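Residue numbers (this note's numbering): 5 to 1016.
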Amino acid sequence: MAHFCKKLQADCRRGWMLALTAMLIVFAPAAFAQSAPTVTGTVTDQSGQPVIGATIIEQGTTNGATTGVDGSYSLKLRGGGGNSANLIFQSLGFVSQTVAVNGRTKIDVKLAEDAVALDAVVAIGYGTVKQKDLTTAVSVVKTDDLARRPITSASGALQGKAAGVQVIQPNGSPGQGMVVRVRGASSISSSNDPLYVVDGVPVGEGNYAIAYLSPNEIESMQVLKDASSAAIYGSRAANGVVLITTKQGSRKRGPEISFSTFVGISKVTKSYDVLNARQYRDLMEENGAVSGLPADLTDRTDWFDETYSTGVNQNYQFSVSNGDENSSYYLGGGYTNEKGIINTTSSDRYNVKASFDKKIFKWVSANASTTFSHYTTKGTIISGQGANRAGVVVSAITTPTYAPIWDPENPQQFYNNFYGANLTSPRENMARTDYNQDVTDRLLLSGGLTFYLAKDLTFKSTVSMDRRWVHSSSFLDPIRTSYGRTQHGTASDTRSDDMRMIYDNILTWNKSFDRHGLEVMAGTSATTSVWEQLSGSRSYFSSTNNNAIPNLNGGNNGGVRGQSYGKSEWSIMSYLARVSYNYDSKYLVTANFRADGSSKLAPGHRWGYFPSFSAAWRISGEKFLRDVSWINDLKLRAGWGQTGNQAGLAEYGWMQQYSTNYYDWTLTENAQAVPTVGGRSNIKNEDLTWETSSQTNVGLDFALLNNRLSLSLDYYYKYTKDMLMSVPLPSPYPNITRNDGEMSNQGFEITLSSVNIARKDFNWSTDLNVSLNRNKVEKLNLKQVYYYATTSDATNDNVVRMTPGHPLSMFWGYVSKGVDPETGDLVYEDRNGDGEITPLDKTWIGNANPKFTFGMTNNFSWKGLNLNILITGSYGNDIFNASRIETEGMASANNQTTTVLRRWRIPGQQTDVFRSDNPAWNVKNSSYWVEDGSYLKVKNITLSYDITSPKLKRINITRIQPYISLQNFITWTGYSGYDPEVSQSESATQMGIDWGTYPNVRTVVVGLNLTF
């Protein structure tokens, strides 16, 4: 396999040596232009309304201007003077006009709507197509409001914007990205995240893939949802593909300088009332968890206030761009900082981007792009653990209020005299990780040459490098925390280098004749990856030097093996092709094919083949509908295809691996010892192959009432075979990775866009999407039942069960029938009727999968005032609130919320809270802890104002746009936790569990956009 990787790397590099050398010298500086008179005027549409943002370019130069909110412009001519100059007027959705100046200083232009331009060109993977000619299920995500939405994660731009794309923010930790699912989860051990492709470069799956990318740099986003659209990406496309195009210099926009900034203030969304010192003492006496509490205990500390503070996030972005007929460039950079509501947590990101395009000759052009990002996450808290295991969020509630922060007798240590109870305060738990940080440097380099071999024939060759350096460090000091003292302090340091090279060569023939259109694309794509990691750890740090050396050098004990090294390599070779036929934009057919060969699989099983077919019939183009004026477009689509998933494949998973025996060299008898080969660490499986998903999609697209109303309906059925799973075997054998299961997803999607009001001074438009998905595990082979998710130390029991015939993330436990008024204990349903409550009485008690999700965006504009409202929602999903076991279960010495004041105390009492002194019975995993997670959330409200005036134009300011934004300000839900949009785990097998999860926040943002 190493030979396979190295040969592929060498072949690709040799082919690129000359091409990269040539690209370094093709970009020439632009010439300075001459000065000339100034032309002013207005640009309107056919009804006389101003066209905002239209571009006016002096032909043959990079000189240009844009119209303001009143449609006016002012352009000082440079190149040909006032007599010979021509002006090009352009705007999306309108036919461009070229107008001769002929000495005039005032030129008013009326643009005509362009029916073709209204159907924008969208990316489809190794090519583009007009949106109206799509034959597959592709969601075009509107990004025109990104500059006014204070999001710091690129994945946040997807939330509520696309049908079939579920996007949730699992927690509010600084730098946290979104969990994105395209048409449900289709894997157990592999990733369920879509593949992200940025400017044609596959950058990976999951949040890490696009953590480097500033949302301000995004020009457009498309989501390839069905297999017939995503199959062109083969073995990496089973979970959909998100295509992101970043901003470039543009001849259409002309010269532009932009600056944007915002500052936000964040607070936790809610608080909880907890027992005071007296109430806590009464509870402890009642349940016997702590004895001997003094009668004179008083309230000393509000642990909620000590845990949560005001978060602050800042963002600054700057860009310069320009372009003409022969070249363009874009330079941009920025800084983002986010201080969390838990003040030991923070993240920041520096980002820089430069891209250039140059037409060298008529037959060749070149492009190059460089993106660098440096981002840091600090102090990530421990969650998904009990309060006594450093769970910060839970301990903010469960720490008794009588306790001070610091130990009066040892002022450098956190207080831990809880009268024999095993408790730690949230401040101590925060200190467990406050030195920890993850630093990532990401560098993406891309360059390409496009050869125009003939009028209809082009060849594009591109090479890209994606390199990621990650430095993770931790330090637990030996002074402040009880755990740190028992460990005598610990430190770790891990550094990794991941370099991926992508080599693409694409040949495209695009021919139109009469009413026929034919596109044939064929090419190759190769990816190589080399990953290395070096790590070390130390313990036994000095407790007398005030943590002067909080890293490896400060520790005395490195253990027998204090350092370790790892390295892995893999590569993929791909061949791809697409044929598209279009007759009069009425009958459209597309076929894709991709073959992938991966070094991660054994010889004989390395190649996977992923075909797809799709077709569309524009019914509105038929004679019988041509006279129906209120139908502008009616198209029926159907497609089928296969995609793969390789994310669950380890680099050497198919090979037999062995452990290494090391010896304690501090012992005299091992002074000369060397490592030896140990036992088997896995069970090899040379039959491993791809996960393969087959998907069928049928869709219908409408455009009605002069394109003021558009509607898309899609039904899909996706079936995944050969699911990669780690299957446990009887002891002493290790787990075996094998293709072991099958799963299905089927659903329905609705996308609706409407222009509700379109007047000269007032406009209102709405975008609505609704998604329904039904997931089911169809088949498991070696083992029929799997359990996941231990939810509390009090129960030590799994709450998620997976078995054929049911969806993923189904909760399993006892059915609670309420509190018995006579005993005060919960009554559990005796499902088998044997008169006893045993594990045989467990059943399904909840489903984390929603019945449907939706998103709605309303845009209002009145003169220069703009109001944008984004609403998201989920209906029918359950949440297992494991935090309540800690804060209401009365199973330990934890303090509790005031809910337990309603607890049962005397026979005959009617209440919904059980008694305090029988936790072994009452805190079982049951429906008592399951809550309805449905919600309707006003995710974002943004009010902005466009300021344009002749005075600003005189100082070259095109627009000033101040705005205010409210994030997560209104949520309607019955869920009792911090936020129903929550999940402790991002795994598809255990979604919907809330166990001390970092709360999402409510944020007020003030921002400013400037355009020159």
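The beta carbon of each residue, even a glycine, is placed where N, CA and C say it ideally should be. Treat the numbers as computed from the prediction; the structure is a model and nothing was measured.
Buried/exposed call for residue i, threshold 16 Cβ in 10 Å
| i | result |
| --- | --- |
| D306 | exposed |
| K110 | exposed |
| M434 | buried |
| A299 | exposed |
| W976 | exposed |
| E260 | buried |
| R763 | exposed |
| S372 | Looking at the sequence shown, residue 372 is not Ser but Ala. By the 10 Å Cβ count, A372 comes out buried. |
| P597 | According to the sequence provided, residue 597 is Phe. The question's Pro does not apply to it. Flag for F597 reads buried. |
| D328 | buried |
| P154 | buried |
| K165 | buried |
| A400 | buried |
| S39 | Here the model assigns S39 a pLDDT of 46, short of 50, so the residue's position is not dependable, and the following value carries that caveat. By the neighbour-count rule (16 or more Cβ atoms within 10 Å), S39 is not buried but exposed. |
| P33 | Its pLDDT being 35, under 50, P33 is placed unreliably in this model, and the coordinates cannot settle the point. |
| R431 | buried |
| S603 | buried |
| Y284 | buried |
| T647 | buried |
Span of the alpha helix (DSSP H), counted from its first residue to its last, around residue i
| i | result |
| --- | --- |
| F752 | Element bounds for F752: not the alpha helix (DSSP H) but the beta strand (DSSP E), I740 to A762. |
| R712 | No alpha helix (DSSP H) contains R712, which DSSP labels as neither H nor E. |
| E890 | S887 to E892 |
| Q252 | Here Q252 belongs to no alpha helix (DSSP H), and DSSP marks it neither H nor E. |
| T402 | V396 to T402 |
| Y284 | A281 to N291 |
| R630 | K627 to R630 |
Spatially closest choice to residue i from the options, by CA coordinates
| i | options | result |
| --- | --- | --- |
| N853 | N749, G452 and S194 | N749 |
| N291 | S989, L956 and M894 | M894 |
| A475 | G296, G601, I997 and N440 | Reading the sequence as shown, one finds His at residue 475 and not Ala. Nearest C-alpha to H475: N440. |
| G75 | N347, S953, S991 and P1003 | S953 |
| A595 | I128, A654 and S931 | I128 |
| W658 | R963, L784 and I740 | I740 |
| V145 | L138, T132, K357 and L162 | L162 |
| E342 | D352, E690, Y333 and L335 | D352 |
| A654 | K688, L638, T664 and S616 | K688 |
| G168 | F856, D916 and N1004 | F856 |
| A358 | I92, T375, N898 and K464 | T375 |
| W535 | T528, V524, G559 and M505 | M505 |
| R436 | G488, L869 and H609 | G488 |
| P736 | G181, G338, W768 and R684 | R684 |
Beta bridge counterpart(s) of residue i as assigned by DSSP
| i | result |
| --- | --- |
| P54 | T48 |
| Q101 | F93 |
| D936 | D882 |
| I346 | Y312 |
| D352 | N341 and T380 |
| K357 | G336 and T375 |
| L1014 | F263 and I964 |
| E209 | L199 |
| I623 | Beta-bridge pairing links I623 to no other residue. |
| I687 | For I687, which the question treats as bridged, DSSP gives no partner whatsoever. |
| N561 | S543 |
| Q180 | Per DSSP, none; premise fails for Q180. |
| W367 | Answer by DSSP bridge pairing: none, since W367 is not bridged. |
Endpoints, beta strand (DSSP E) assigned at residue i
| i | result |
| --- | --- |
| S663 | Y662 to N665 |
| F918 | It is not in any beta strand (DSSP E) - F918 carries neither H nor E in the DSSP assignment. |
| L228 | I222 to L228 |
| S76 | S76 to K80 |
| A581 | Q567 to Y587 |
| A642 | I635 to N649 |
Along the chain, which unbroken stretches of the alpha helix (DSSP H) at least 4 residues long are found entirely within the segment 409-462? Those alpha helix (DSSP H) runs which fall completely within the segment 409-462 and span 4+ residues are 430-435.
Which runs of the alpha helix (DSSP H), 4 residues or longer, sit entirely within the segment 454-532? With a minimum length of 4 residues, the continuous alpha helix (DSSP H) runs that stay inside the segment 454-532 are 486-491.
Where are the beta strand (DSSP E) runs, 3 residues long or more, that stay fully inside the segment 815-867, in chain order? Along the length of the segment 815-867, whole beta strand (DSSP E) runs at least 3 residues long occupy 820-823, 830-832, 847-851 and 856-866, reported in chain order.
Pick out the complete alpha helix (DSSP H) segments inside the segment 922-977, 4 residues or longer, and give them in chain order. The qualifying runs are 923-926 and 954-958.
Residue ranges of each alpha helix (DSSP H) run of no fewer than 4 residues wholly in the segment 762-808, ordered along the chain? None, since the segment 762-808 contains no complete alpha helix (DSSP H) of that length.
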